[in-house]
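Below: the structure, in structure tokens.
Protein chains: 2
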Amino acid sequence: MIEYVQIQRLGKDSDISSAQFGARASRLAKLLKLGLPVPLAYGVSVSAVSEIAAGRLPDVATLLGQFGDRAIVSVRSSPVKRAWGGPETLLNIGLNDALHAKLCHRLGEAAANALYCRFVQEYSINVARLDPEAFHGLDEDKCGTRDALQATLGIYSDEMEEAFPQNPEDQLLQVLRSMARSWGGTTARILRQAHGAPADAGLGLIVQRMALGLGVGESGAGVVQFVKPSTGEPAIRGRYMPKGQGRDALQPGKSALYITGDKRGRSLEDTNPKALAELQKYSEIARLGCHDALRFEFTIEGGKTWLLDAAPANRSPRAAVRIAVDLAEDGAISRKSAILRVEPANLQHLLHPQIDPEAKPKIFARGLAASPGAACGRIVFTASAAQACAAREEASILVRVETSPEDIRGMHSAKGVLTERGGMTSHAAVIARGLGVPCVVGASGITLNVKDKTLTTKDGEVFYEGDIITVDGTNGAAMAGDVSMVLPQVDGAFSTLMDWANEFRDIGIRANADSPTDARIAQQFGVDGIGLCRTEHMFFDEDRLTVMREMIFADDVSDRRAALDRLLPMQRSDFAELFAIMQGLPVCIRLFDPPLHEFLPHSREAMQELAEAMDLPVSQVISRRESLAEFNPMLGMRGVRLGITVPEIYDMQARAIFEATVEASAKGEPVVPEIMIPLVSAAREVELVKARIDAVATEVQNETGVQFTYRLGAMVETPRAALRAGDLAVNCAFLSFGTNDLTQMTYGLSRDDSGRFMSAYVNQGVFTEDPFHTLDIDGVGELLLLASERGRVAMPDIVLSICGEHGGDPATIEFCRAAGFNYVSCSPFRVPIARLAAAQSAVRGTNKTTEDLVVT
Amino acid sequence: MIEYVQIQRLGKDSDISSAQFGARASRLAKLLKLGLPVPLAYGVSVSAVSEIAAGRLPDVATLLGQFGDRAIVSVRSSPVKRAWGGPETLLNIGLNDALHAKLCHRLGEAAANALYCRFVQEYSINVARLDPEAFHGLDEDKCGTRDALQATLGIYSDEMEEAFPQNPEDQLLQVLRSMARSWGGTTARILRQAHGAPADAGLGLIVQRMALGLGVGESGAGVVQFVKPSTGEPAIRGRYMPKGQGRDALQPGKSALYITGDKRGRSLEDTNPKALAELQKYSEIARLGCHDALRFEFTIEGGKTWLLDAAPANRSPRAAVRIAVDLAEDGAISRKSAILRVEPANLQHLLHPQIDPEAKPKIFARGLAASPGAACGRIVFTASAAQACAAREEASILVRVETSPEDIRGMHSAKGVLTERGGMTSHAAVIARGLGVPCVVGASGITLNVKDKTLTTKDGEVFYEGDIITVDGTNGAAMAGDVSMVLPQVDGAFSTLMDWANEFRDIGIRANADSPTDARIAQQFGVDGIGLCRTEHMFFDEDRLTVMREMIFADDVSDRRAALDRLLPMQRSDFAELFAIMQGLPVCIRLFDPPLHEFLPHSREAMQELAEAMDLPVSQVISRRESLAEFNPMLGMRGVRLGITVPEIYDMQARAIFEATVEASAKGEPVVPEIMIPLVSAAREVELVKARIDAVATEVQNETGVQFTYRLGAMVETPRAALRAGDLAVNCAFLSFGTNDLTQMTYGLSRDDSGRFMSAYVNQGVFTEDPFHTLDIDGVGELLLLASERGRVAMPDIVLSICGEHGGDPATIEFCRAAGFNYVSCSPFRVPIARLAAAQSAVRGTNKTTEDLVVT
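Chain order of the listed sequences is A and B. Here the first sequence is numbered in our numbering, starting from 7 and rising by one per residue. Here the second sequence is numbered in our numbering, starting from 7 and rising by one per residue.
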């Protein structure tokens with residue numbers, strides 16, 4: 007069994023050396039192979055570390071012998087994956103009274119005292135596990151005195167009832183055992199599992215000759231990287247501590263130097279330009295050789311620059327994009343690798359819209375800019391109300407005094423968060439940043455009354471639940487109404503990466519877009535079309551809502567038609583505008599879906615108003631509402647059921663679509679509209695709707711003298727539609743899976759009502775994930791596969807897609823690729839994420855079959 | 007091609023002869039073979055009739071030649087299946103002026119005039135298609151005069167512009183053509199399709215020598231059967247018309263005779279006992295020879311008795327049972343045949359409970375006894391409320407001023423119907439009888455206010471929606487409250503048939519029974535156990551409801567446990583009683599299923615009362631209600647979701663079940679309780695519940711020192727549970743399909759809300775049947791098959807069953823047999839229907855595979 011091996015002898019394959027000795031050892035080996043100055047180092051293998059943890063005694067004598075007589079070494083952790091963390095580095099192993107005496111001579115007494123004192127304290131705390139409080143008052147600044155050193159050694163011997171170990175081999179043995187064992191501790195295990203580590207995650211260790219950073223000539227330690235963490239553009243960033251060791255330069259309160267000339271203080275560039283030039287040269291060699299921008303931990307020892315450790319440079323999501331693209335453009339990595347370098351979910355941080363600089367919003371509160379981006383929606387005061395809004399596909403802003411863990415699902419469902427209390431590290435701020443939700447915290451001018459559901463500004467203005475506000479998490483402001491926004495300026499690297507994603511991806515990406523605004527955003531993000539245009543939102547504008555209600559209160563078919571005739575031109579211009587924006591790209595329009603009662607008011611007051619407006623007795627308004635009320639609206643009279651029972655609605659919509667088609671095709675690219683029937687559960691539903699829509703198409707063609715084609719399809723969102731997909735397909739050009747509703751029905755679980763127990767369910771592992779966030783591959787996924795297979799048997803050319811919220815989820819995209827779907831459709835702001843995820847899936851080339859994905 | 011053949015030469019196989027010449031011809035052939043006196047008859051084949059309809063001229067000369075010179079014949083329809091109807095019989099073909107002259111001589115002028123006159127009129131109306139009004143005033147009584155005959159012939163020649171055809175061959179030709187063509191007419195087609203006839207339903211015709219029924223000596227015609235239509239017991243029933251023809255004896259206003267001595271008038275037994283004795287002898291020969299009790303159409307001609315036609319004797323559903331059993335006991339048919347003779351659905355008419363004669367109910371209204379049986383339930387005033395009750399598995403009585411077609415689904419859902427207006431042939435009465443729902447109509451003392459939802463009695467007492475009443479459709483009374491009932495007295499033949507059903511059936515039949523009453527009924531009907539005991543109904547009793555609400559309002563786990571501890575002994579005694587009644591037969595108990603908000607009051611008034619009772623501010627009651635309210639209760643916090651989030655409820659129920667098991671096993675047969683987990687959608691749900699229930703079982707065993715076993719299973723009622731049945735099965739002894747909820751979720755269709763469009767959907771053929779009445783084999787059925795297959799792969803011995811309302815439906819039972827299910831469970835009153843349907847399916851031995859049933 008390989009126990010320890012000189013780092014530079016590690017094999018070329020970094021995956022193998024990482025698995026055997028850990029990622030850090032593997033990277034150091036690479037630097038050595040590139041000829042960079044890394045002090046002599048030996049790797050203790052992962053298997054050796056686990057044996058040491060189990061109690062075996064390693065042969066430290068031989069190991070230490072490699073470093074020569076009286077060597078001082080460090081031990082650094084080298085987990086198989088860097089993200090898994092690992093025990094703290096321990097420096098200066100090998101120091102003892104004898105060596106201390108020699109160093110007094112060589113470095114001066116103060117430096118020697120400081121080194122020894124520091125080593126004894128770190129050993130005491132990290133290896134002997136003494137209470138750090140024991141060394142209170144003996145901090146580093148005082149360690150330079152002989153008294154402090156004696157006190158420190160005294161504390162050790164008092165507490166341990168033995169003198170500080172003088173044998174370097176004993177010291178190293180204890181350090182290795184301590185670090186090997188701490189890897190198995192509960193805290194370490196939980197922390198690394200949070201970063202995706204498996205139960206048997208391995209740790210290697212690195213024993214390295216110390217470059218002391220103290221002594222004669224220029225000496226010190228620092229960290230440096232040559233890209234700007236926020237953007238990824240070339241820049242020098244870091245700190246340097248003369249006469250320092252390890253990461254001293256990063257400790258607050260230390261008088262560390264800047265790296266380049268800086269008006270805030272002295273810099274390495276000022277004091278040692280040669281060292282900086284060396285580091286810059288090393289960095290470029292390492293960047294090309296290691297295929298990534300790195301961050302060095304370096305030490306200057308008597309004028310000689312050593313690289314002790316290297317890690318990927320710190321980078322924001324935006325910087326990650328720039329770094330990957332620059333590497334690829336410099337030929338250091340392939341475009342495919344660049345695609346894989348960026349975590350798709352992180353792109354959302356780049357994509358938040360911002361308040362339009364031209365806008366003159368009415369700001370009613372200012373607070374801390376806790377999570378960037380701007381968002382607009384209806385005020386809700388509880389997490390469950392936010393979830394209910396999301397289920398109704400309504401944007402909401404969650405307003406709370408402060409948030410707590412119970413609010414997390416609500417925060418996920420809200421478009422933005424505003425809290426009265428809390429700072430930049432409050433629960434709301436931390437979670438919102440994690441979720442990528444724009445957030446303003448500590449808006450202390452406002453007063454919330456959660457019982458009455460009101461928000462009162464410091465000027466006494468009152469907002470009620472349902473009122474629309476906008477929060478600006480970039481600038482820390484809350485504004486009344488729907489403030490206009492602009493897309494963020496994304497740099498050229500982002501566009502380049504997106505272009506590359508298009509080169510590789512093999513599945514279409516469309517957007518769910520209900521409005522011209524949505525459609526324009528989608529266009530800018532480079533979609534292949536609109537996969538879901540929900541027409542019902544078009545009826546909620548005030549002028550249309552009135553006509554809509556007239557339609558609902560119509561006594562007979564002719565009155566109903568009259569109301570619909572007034573809606574027709576509005577719908578036609580909606581569609582014509584969408585077609586114009588999309589310039590000939592496909593637009594899939596879902597026919598009217600929600601139950602009619604959603605268009606009637608709820609409060610007594612609003613019903614009275616409606617009665618006045620419609621010149622009806624209020625009792626009639628109430629009784630109409632009652633007659634339309636449903637026990638389970640999700641499973642009620644909506645979608646195609648409404649389309650068949652009140653066919654005039656779909657007739658009107660079909661006419662609006664076709665007239666808009668004629669209009670748009672005359673002005674620009676020819677349009678082939680796609681019409682989608684919602685909530686299908688039987689093939690005959692499609693037949694009946696198709697017959698009427700065909701008739702309307704013929705009418706419009708005869709009236710206008712213009713020929714056009716259209717594509718009819720069904721939204722598969724009931725389990726039965728999935729099972730009978732073969733029957734449906736016969737009359738369909740496409741089937742699009744509405745995974746939101748399909749998930750609700752497959753689980754028998756209302757999304758609106760699941761909030762009350764979903765957290766408990768996920769925590770207890772009843773559901774591995776909330777199936778409304780992550781596609782349930784084993785249940786819903788099987789229905790998707792079964793339906794797609796049957797659909798294709800019936801109609802080999804049928805177009806298959808997903809248009810639920812899952813459409814933007816990388817795991818779902820992987821699934822859709824495996825199932826051979828034609829496209830996924832997601833919200834406009836998720837389009838880049840989806841494009842990147844699709845490209846990654848294609849590049850990884852796993853080409854999993856669907857059997858790999860569903861366990862039956 | 008066989009064109010016509012002498013009836014007695016038809017082959018022995020009655021199926022073949024029926025297919026070739028029709029069922030009537032086939033039966034006549036049988037009677038002839040039995041040596042019974044049937045006049046000479048020839049059958050015109052089905053294929054010949056369809057050619058005649060298409061325009062081919064049949065060779066009537068040869069046919070008529072068979073009957074000898076100057077024969078008088080009749081033509082009778084002989085459809086392939088009797089139920090398909092057919093054109094009216096035409097008598098006396100061959101009569102003309104010459105023959106009339108001869109008959110004047112032989113029978114007397116009046117009789118000859120009457121015969122000829124009748125023939126001309128019938129020919130004119132049925133063959134020449136003259137308006138019957140043309141013969142107004144020339145009715146049969148006047149036909150005996152020469153003037154009337156001349157007038158009749160005159161009308162014919164006036165209308166037809168030609169003399170009445172004198173050539174018998176022409177007459178017969180026209181009769182055959184007319185009857186052949188009328189079979190293809192729209193009315194005839196629709197009528198027979200309503201009786202299940204296929205599009206190409208065939209008709210044969212019978213040409214038979216007339217037995218005149220007039221003339222010298224005893225002459226006349228009648229109908230007779232030798233079983234009582236209401237009960238099937240031996241009895242003589244019929245009418246006889248001296249000097250009559252055909253079915254004259256059945257015409258109202260005619261002075262027909264009774265058959266046996268009758269105080270209401272003269273009888274054949276008085277006037278011609280020999281003829282009666284002959285008929286009785288013929289009947290017994292025919293009964294044994296034709297394997298059924300028959301009804302004869304007979305004619306006495308000059309003292310000689312002829313059988314012109316025979317058909318199955320009229321019989322009620324109860325009589326059908328008796329007749330079939332008697333035939334089998336007499337060896338005329340096998341027991342298997344007897345099983346097939348009774349339509350399972352018809353048994354419901356025998357099985358309605360009746361008001362206990364010992365009961366002293368408070369009758370608040372009397373009306374007409376429109377549909378027999380008694381039923382009890384909550385008052386509802388609309389069909390949709392009745393459907394909603396049914397969906398909640400609550401019994402309801404639909405109370406209407408009168409019903410209309412829109413109410414049919416509500417009537418189907420209600421347990422009983424009460425109307426203020428209407429007679430025995432009103433819509434409510436007719437439909438209720440058809441549906442087998444107890445019904446009282448014309449309860450004119452009551453006043454309904456549908457808006458306020460009140461029923462006011464003539465004494466001024468007011469009933470509200472939700473109040474419990476009982477209707478007695480056997481005696482025409484409506485009573486307050488839940489009046490005790492007894493099972494109907496079913497005769498020995500019924501028990502015998504049920505015993506035979508058990509001999510043949512190969513699938514278990516259990517009952518859905520929530521209460522001791524249900525369990526006793528189920529026991530009496532001979533179940534194999536209880537397949538579904540819904541425990542939540544046990545909590546609605548007033549004393550328990552209070553404790554239940556305390557549990558809901560509990561602030562913490564210990565308060566909740568305290569309330570549950572008070573429910574424990576009540577539940578224990580519920581279960582102990584069920585176990586005792588079922589005497590060791592399996593009892594499958596479903597753990598608590600409904601959402602908690604069902605236990606809280608709705609009206610402000612009731613909430614105030616509850617607040618007082620619980621010593622809480624009313625605001626707290628309201629806010630608790632609001633916090634428990636759900637958008638889609640069907641898909642919400644219920645079933646196992648409640649069981650996992652509030653585990654104390656299932657803990658209590660499990661303890662109650664196990665303690666009752668110990669108690670019942672000590673007193674009688676050892677009990678192995680079955681515990682069923684509702685609304686499962688993930689395997690982990692079963693694991694978690696199982697772990698707690700196992701723990702409770704161990705506790706109870708330790709406490710009591712008594713060992714017992716139990717069987718845990720899952721109710722499969724979400725599509726996901728069906729898809730993941732393999733995972734569930736690992737921890738389950740059984741899987742039971744709750745097809746009500748599974749249908750709702752598979753279609754995405756709330757049963758409560760489907761009423762608004764279900765009729766339109768079924769009428770337009772969107773759904774071929776209401777899937778809540780008839781199992782949707784193509785969708786829900788596929789999930790059942792898929793789940794059962796996966797369940798069996800995981801656990802080969804797993805017990806599979808259906809416990810939704812479909813469990814009592816013959817088509818569903820056929821499906822379950824094909825799928826190899828172990829049992830079906832249905833409501834107690836459907837148990838005999840299910841037993842018979844199961845036996846029929848087994849006897850038919852079709853053994854369809856499931857591929858035959860589901861079209862994928």
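We treat Cβ as the ideally placed atom computed from N, Cα and C, and that holds for glycine.
Just how far apart, CA to CA, sit residue i and residue j?
i               : j               : result
Y10 of chain B  : E290 of chain B : 30 Å
N737 of chain A : L718 of chain A : 8 Å
S756 of chain A : G379 of chain A : 30 Å
T710 of chain B : D549 of chain B : 28 Å
K18 of chain A  : L96 of chain A  : 28 Å
R384 of chain B : T476 of chain B : 9 Å
D565 of chain B : P607 of chain B : 21 Å
I1 of chain A   : R578 of chain A : Outside the shown range of chain A, which is 7 to 862, sits residue 1 of chain A, and nothing can be said about it.
V861 of chain B : L294 of chain B : Reliability of the predicted coordinates at V861 of chain B is poor, the pLDDT of 49 falling under 50, and no value is obtained from them.
Counting only C-beta atoms, is residue i closer than 9 Å to chain E at any point?
i               : result
M751 of chain B : The structure shown contains no chain E; its protein chains are A and B.
Looking only at C-alpha atoms, which of the options sits nearest to residue i?
i               : options                           : result
R698 of chain B : B:G744, B:E709, B:G649 and B:S742 : B:G649
D512 of chain B : B:L101, B:V133 and B:A844         : B:A844
I804 of chain A : A:A817, A:A720, A:A381 and A:P838 : A:A720
F835 of chain A : A:Q251, A:I527, A:E788 and A:I196 : A:I527
V916 of chain B : B:P204, B:A486 and B:N481         : Because chain B here runs from 7 to 862, residue 916 of chain B falls outside it and cannot be looked at.
I78 of chain A  : A:S23, A:Q214, A:D137 and A:G210  : A:Q214
S742 of chain B : B:Q750, B:D733, B:G754 and B:A728 : B:A728
Where DSSP assigns a beta bridge to residue i, which residues make up the other side?
i               : result
L454 of chain B : B:L461
R717 of chain A : A:E680
K310 of chain B : B:E307
S289 of chain A : The partner list for S289 of chain A (beta bridge, DSSP) is empty, contrary to what the question assumes.
Validate contact between the stretch 305-318 of chain A and the stretch 217-230 of chain A using beta carbons, cut 8 Å, 3 pairs = yes
Report the residues of the stretch 770-793 of chain B with a CB closer than 8 Å to any CB of chain A, ordered along the chain.
-> Q770, G771, V772, F773, D782, D784, G785, V786, E788 and L789
Check whether the stretch 700-714 of chain A touches the stretch 758-776 of chain A, counting contact only when three or more Cβ pairs, one atom from each stretch, lie closer than 8 Å.
-> no
Could you tell me whether the stretch 238-251 of chain A touches the stretch 319-331 of chain A, where touching means 3 or more Cβ pairs closer than 8 Å?
-> yes
Do the stretch 368-382 of chain A and the stretch 416-435 of chain A meet, that is, are 3 or more Cβ pairs less than 8 Å apart?
-> yes
Scan the stretch 683-708 of chain A for residues whose Cβ lies nearer than 8 Å to a Cβ of chain B and list them as they occur along the chain.
-> L685, S687, A688, R690, E691 and L694
Residues of the stretch 623-645 of chain B with a CB closer than 7 Å to any CB of chain A: list them in chain order, please.
-> E636, F637, N638, P639, M640, L641, G642 and M643
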